[in-house]
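**Student:** Take this structure, written in structure tokens, and hold onto it; I'll ask about it next.
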Amino acid sequence: MPPTLTARRPWHPLALLGLLALWLATLGNLPLWLTVWQLPETHGAHAVLMFIGLGLLLLAFSLLALALLVWPRWFKPAGLLLLLISAASSYFMHAYGVVIDSTMIGNVAHTNVREARDLLSGDLLLALVLGVLLPGLWWWRQPLQAVPLRRLMPRQLGLAALALLVTAMLGWASFQDLASLMRNHRSLRYMVNPYNTLYALGRHALGRAAHAQQPLQPLGEDAVATTAATDLGQGPLLLVVVGETARAANFGLGGYARDTTPRLRELQQRGELVYFPQVHSCGTNTDVSVPCMFSHLGRAGVDRSERYENLLDVLQHAGLAVLWLDNQSGCKGVCDRVPHMDTSSLTLPDLCEGGECYDEVMLRELPARLAALDPVRRARGTVVVLHQMGSHGPAYARRTPAAHKPYQPECVSVALQDCSPEQLVNAYDNTVRYTDHVLAEAVGWLRAQAGPTALLYVSDHGESLGEKGLYLHGMPYSFAPQEQTHVPMALWLSPAMRTRLGLDWAQGIAAHMSPSDVWERLLVSGLARDLQQMRIEFLRRLMRSKAGKDD
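The sequence shown begins at 0 in numbering that gives the first Met the number 0 and counts up one residue at a time.
Okay, here's the thing in structure tokens:
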């Protein structure tokens, strides 16, 4: 009598292996099958045959992988691990429309407690119960026949050879259809579960290991400050605000129908602020974008294993004072060699609650942290980076204080697909409105400082809010939607800084200077010179125009 789901008769290892392969190829890949079924190419008689062929191909490949890798000694733990990876990956792919690649694994590896908490939901618990707990308990309780390895090995390797043959035949028979499908819908290649996740894990681990083994190479050691340390306290001060997950589409200054930036617009109307409408990010997640923003390598060099110093190191070489205040999940290595502080763990009652702080906390801490810097360096010039929590999802409602929620009702769930589009946009727009407030307060503080001052704001990447079924961010850049790459950027200069730099202000800057030109003018002409080893191209590498040329 063959084993059943309730029988206690021992299973032959290959039979149970085949059952696991069937689960992974079908229920373990529900997001893949749902996505493929909704494509226009998968309807009609021929398309149904292609759909079936893809299913059989995935089943044969699963048998091949399991037969080669899963052996009796680690049979049960390996099965549980594959069920966990499959269920977790499937949930996030289905719930948020994300795909799993090495950069997404990097996001997971650098997720802190706050970000992990934001992702917890009843839907995730249900997915883990149905995808891991129940099948995992059944899997663990099944007895296995004690087949000697000398008998099992040739049979299991024979199964692997047969699966390889079937995989090759099915791949050859359906190559034209599959190649067209993958070429037209590139995200599908990142959805083959759990093998794509395992591949991404391996690639991320190997890449990190190779990067860590490389010596740190210096840059800009010949940089020289343009201000002599003679007038203490009067050196230029630049605030660089690195926004988080702010997309240009919802920024009022960029033409959004809802005025989410009223205070910045007031500065713009007074001729004090310039907005750059065509700026695109270096990546689609913080782990890539933030290091790239401060690197000379650009987006093409993000995956290189070489380790280099960055823009902050160069400024420090020039004798300037440098400070990084972080209210997010860290600086991703950018601030490791300069003074830095994490404000997210402070416990100020009016600015912190629920284990995190609102972005205004950085402005509260800024004066004391500046006072602690070397006064001689400050006399030459100071560059401060404020890394916002900004519009980080999915818990958008947690990013804004109660007094800064003008758009109601807002989505308060982390299961974004459960909210109406209006509620989701309200919650997100509240975060942009709060960023507007924080930036305006920062400008007000800069006005009160002695010496030339400036503020440059640019977001690290954008965000999807349900367009095309996508939420959050992190899609591979090659086919990421514009919502995840088109970001806002704004520049404010005090009158003293305008005079110092000799810039044609307002419309002159917007019409004749690219974002990269502005940054180079601020840092090279305004603060440091003689960079023979590295020409600072912070925003030239970061930005590109809609036409596709570097900008």
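Idealized CB from N, CA, C, for every residue including glycine.
Note that the structure is a prediction, hence the values are computed from the model and not measured.
Determine the closest residue to residue 293 out of 275, 312, 125, with distance taken between C-alpha atoms.
**Tutor:** 312
**Student:** Looking only at its own chain, which residues have a Cβ that is under 6 Å from the Cβ of residue 74, when we skip the five neighbours before and after it?
**Tutor:** none
**Student:** Tell me which residue opens and which closes the beta strand (DSSP E) that residue 321 is part of.
**Tutor:** 320 to 325
**Student:** Give the straight-line distance between the Cα atoms of residue 241 and residue 90, rounded to the nearest whole angstrom.
**Tutor:** Between residue 241 and residue 90, the alpha-carbon positions lie close to 30 Å from each other.
**Student:** Pick out whichever of 66, 141, 144, 132 has its Cα sitting closest to the Cα of residue 154.
**Tutor:** 66
**Student:** Jot down the residue ranges of each uninterrupted alpha helix (DSSP H) in the segment 104 to 139, minimum 4 residues, whole runs only, in chain order.
**Tutor:** 112 to 118, 121 to 127
**Student:** Can residue 358 and residue 437 be called in contact, C-beta distance under 7 Å?
**Tutor:** Note that the C-beta distance between residue 358 and residue 437 is below 7 Å.
**Student:** Just confirm the distance between the C-beta atoms of residue 435 and residue 244, as a whole number of angstroms; I'd bet it's less than 8 Å.
**Tutor:** Not quite, the Cβ-Cβ distance comes to about 15 Å (not below 8 Å), so this is no contact.
**Student:** Only counting the same chain, and skipping five residues up and downstream in sequence, which positions put a Cβ closer than 7 Å to that of residue 394?
**Tutor:** 117, 413
**Student:** Measuring straight from C-alpha to C-alpha, what distance separates residue 377 and residue 205?
**Tutor:** Approximately 41 Å between the Cα atoms of the pair.
**Student:** Decide if the segment 364 to 384 is in contact with the segment 328 to 340; the criterion is three or more beta carbon pairs, one per stretch, under 8 Å apart.
**Tutor:** Between the segment 364 to 384 and the segment 328 to 340, the count of Cβ pairs shorter than 8 Å is three or higher; the stretches touch.
**Student:** Determine the DSSP secondary structure at residue 216, reduced to helix, strand or coil.
**Tutor:** strand
**Student:** Helix, strand or coil for residue 463? Go by DSSP, reduced to three states.
**Tutor:** strand
**Student:** Using a Cβ distance threshold of 8 Å, determine whether the segment 208 to 216 contacts the segment 362 to 370, with at least three qualifying pairs required.
**Tutor:** no
**Student:** Is the separation between the beta-carbon of residue 71 and that of residue 250 shorter than 7 Å?
**Tutor:** Taking a C-beta distance under 7 Å as the contact criterion, residue 71 and residue 250 do not qualify as a contact pair.
**Student:** Cα separation between residue 284 and residue 428?
**Tutor:** 20 Å
**Student:** Counting along the chain, where does the beta strand (DSSP E) carrying residue 242 start and finish?
**Tutor:** 236 to 242
**Student:** Distance, Cα to Cα, residue 222 vs residue 411?
**Tutor:** Between the C-alpha atoms of residue 222 and residue 411 there is a straight-line separation of about 48 Å.
**Student:** If you compare alpha carbons, which of 94, 109, 95 is closest to residue 101?
**Tutor:** 109
**Student:** Whole angstroms are fine: how far does the CA of residue 35 sit from the CA of residue 42?
**Tutor:** If you take the alpha carbons of residue 42 and residue 35, they lie about 10 Å apart.
**Student:** From 420, 397, 159, 49, pick the residue whose C-alpha is nearest to that of residue 352; which is it?
**Tutor:** Cα-wise, what sits closest to residue 352 is 397.
**Student:** Run through DSSP, which three-state label would residue 492 get?
**Tutor:** strand
**Student:** Would you kindly work out how many angstroms separate the C-alpha atoms of residue 201 and residue 151, rounded to a whole number?
**Tutor:** Within the model, the alpha-carbon separation for residue 201 versus residue 151 is close to 28 Å.
**Student:** Going by DSSP, what residue range makes up the beta strand (DSSP E) through residue 274?
**Tutor:** 272 to 279
**Student:** Alpha carbon to alpha carbon, what distance is there between residue 441 and residue 501?
**Tutor:** 23 Å
**Student:** Using a Cβ-Cβ cut-off of 7 Å (strictly less than) and excluding sequence neighbours within five positions of residue 424, which residues of its own chain qualify?
**Tutor:** 464
**Student:** Give the straight-line distance between the Cα atoms of residue 247 and residue 192, rounded to the nearest whole angstrom.
**Tutor:** C-alpha separation (whole angstroms): 33 Å.
**Student:** Going by C-alpha to C-alpha distance, which of 308, 272, 233, 194 sits closest to residue 23?
**Tutor:** 194
**Student:** With burial defined as no fewer than 16 other Cβ atoms inside 10 Å of the residue's Cβ, what is the status of residue 331: buried or exposed?
**Tutor:** buried
**Student:** Determine the extent of the alpha helix (DSSP H) in which residue 340 is found, giving its start and end residues.
**Tutor:** Residue range 339 to 341 is occupied by the beta strand (DSSP E) that includes residue 340, with no alpha helix (DSSP H) assigned at that position.
**Student:** Tell whether a beta-carbon distance below 7 Å holds between residue 79 and residue 135.
**Tutor:** yes
**Student:** Classify residue 61 as helix, strand or coil using the three-state DSSP reduction.
**Tutor:** helix
**Student:** Helix, strand or coil, according to DSSP, for residue 70 in the structure here?
**Tutor:** coil
**Student:** What is the residue span of the alpha helix (DSSP H) that residue 414 lies within?
**Tutor:** Counting along the chain, no alpha helix (DSSP H) covers residue 414, and no H or E run does either.
**Student:** Check residue 454 in the structure and name its three-state DSSP category.
**Tutor:** strand
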